[in-house]
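Residues 1 to 305 (full-length UniProt numbering) are what the sequence shown spells out, left to right. Backbone N, C-alpha and C fix where the C-beta goes; we use that ideal spot for every residue, glycine too. Just so we're clear, the structure is a prediction, and the values are computed from it rather than from any experiment.
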Amino acid sequence: MSSLFQADYGISDRLTVLFLGDSITDNGTYIAYMDAYFRQHLPEKELQFINLGVSSETASGLSEPGHPFPRPCVHDRLGNALRETKPDWVLIGYGMNDGIYHPFSEDRFAAYRKGVLDAIGQVKHVGAKAIVMTPPPFDADSFGPNGALRSAGATSYDYANPYADYDDVLRHYSRWILSLGDIVDGVVDIRTPLARYTEHRKKEEPGYKSGDGIHPNASGHWILARQLLQSLFGATPERTPEYVERQRASGFFTLVLERHRLLSAAWKEHVGHTSPNKAAALPLAEALAQAREIELRIRKRLSEQ
């Protein structure tokens, strides 16, 4: 697809982008990479990335019996999230948890489709652009060590004991996302580049782990960020930043990530969610004030480079 950046004839000087998703988004590293890219290459743009990812969340409302608590659902908080953040664009990234780590089921697939379509409808109703990401791949070779893969016909499955071929389920879900067409303002295929990168690394380095099978490692987050930068903004980073492999070696990125996680926790608890696991967060006003102080340190660090 042509990027939204191209469709809009340029990146607005001010743009608020809301990210909704599960634990991969909750981690937020890929969003911080995007933030860092713009700070280094287009510092005049005021792009506000608001991360409202919640670990364990789904769009479908489903939850496997083995999960320690009923999985939160984005629809429990979507209306409030849109009212509070007033986004221009909304990135919707679900699927990994929506198949609840079972073999494919038409009923579960229908619940996922309904959840995604309902989210798209609410986003468009408030006048924001709705952009949907495919689910990432499930990497069975990297799964573990605190669980066991289960074959077809097992009596139960869950996030700790997933179906060994669960990636086939996510492939099915991804094909549907890619078929959405004009229903959405944009679709971003994160599955294909992540899968290709992992395959390439495994050929180069037998035994390579892409993460824990569910959550990508830092390099995977960079692949995700790069795909979003290209698809949404028409930006193609020429090289992988040093801080992807050595985060702590970059004082600049350390500050960007600190600011990102400070604001993400505050926004998440300000908006509210149904997970029993609450983030240690400042009240939003205090977090915004502290973020402004970190912002000054980031700008100083950039001026010294």
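Counting along the chain, the unbroken alpha helix (DSSP H) around R261 starts and ends at 251-271. Taken in chain order, the complete alpha helix (DSSP H) segments of 4 or more residues contained in the region 150-182 are 166-178.
Taking the Cα positions, A265 is about 13 angstroms away from F49.
DSSP, read as helix, strand or coil, puts L288 in helix. At the C-beta level, Y197 and D158 stay beyond 8 angstroms of one another.
If you look at M133, you'll find it in the beta strand (DSSP E) that goes 129-133. Counted as a single uninterrupted DSSP element, the stretch harbouring G93 is not any alpha helix (DSSP H) but the beta strand (DSSP E) occupying residues 89-93. In terms of CA proximity to F233, L42 leads the group L288, D98, L42. When rounded, the separation of the alpha-carbon atoms in P103 and M133 is 22 angstroms. If you look at Q230, you'll find it in the alpha helix (DSSP H) that goes 218-233. For E242, the enclosing alpha helix (DSSP H) stretches over residues 242-245.
In the structure shown, G121 falls within a helical segment according to DSSP collapsed to helix, strand and coil. Boundaries of the alpha helix (DSSP H) around E204: 191-204. Going by DSSP, T16 is part of the beta strand (DSSP E) stretching over 14-21.
Between V256 and C73, the alpha-carbon positions lie close to 29 angstroms from each other.
The count of Cβ pairs closer than 8 angstroms, one atom from the region 107-117 and one from the region 289-298, stays below three, leaving the stretches out of contact. Contact annotation: the region 16-26 touches the region 52-66, with at least three C-beta pairs closer than 8 angstroms. The three-state reading of DSSP puts F143 in coil, since its state is none of H, G, I, E or B.
The criterion of a C-beta distance shorter than 8 angstroms is satisfied by T16 and T85. Counting only runs of at least 4 residues, the region 68-113 fully encloses the following alpha helix (DSSP H) elements, listed from N- to C-terminal order: 78-85.
Excluding residues up to 5 positions away in sequence, T134, P135, R191 lie with their Cβ nearer than 6 angstroms to the Cβ of S174 in the same chain.
The DSSP-derived three-state label of F38 is helix.
Boundaries of the beta strand (DSSP E) around N51: 46-51. Within the model, the alpha-carbon separation for D141 versus E199 is close to 11 angstroms. Taking every protein chain shown into account, the CB of N97 has 16 or more other CB atoms within 10 angstroms, so this residue is buried. A direct Cα-to-Cα measurement between A280 and L262 gives close to 9 angstroms.
Nearest to D182 by C-alpha distance, out of K129, G95, V244, is K129. Between I177 and V169, the gap from beta carbon to beta carbon reaches 8 angstroms or more.
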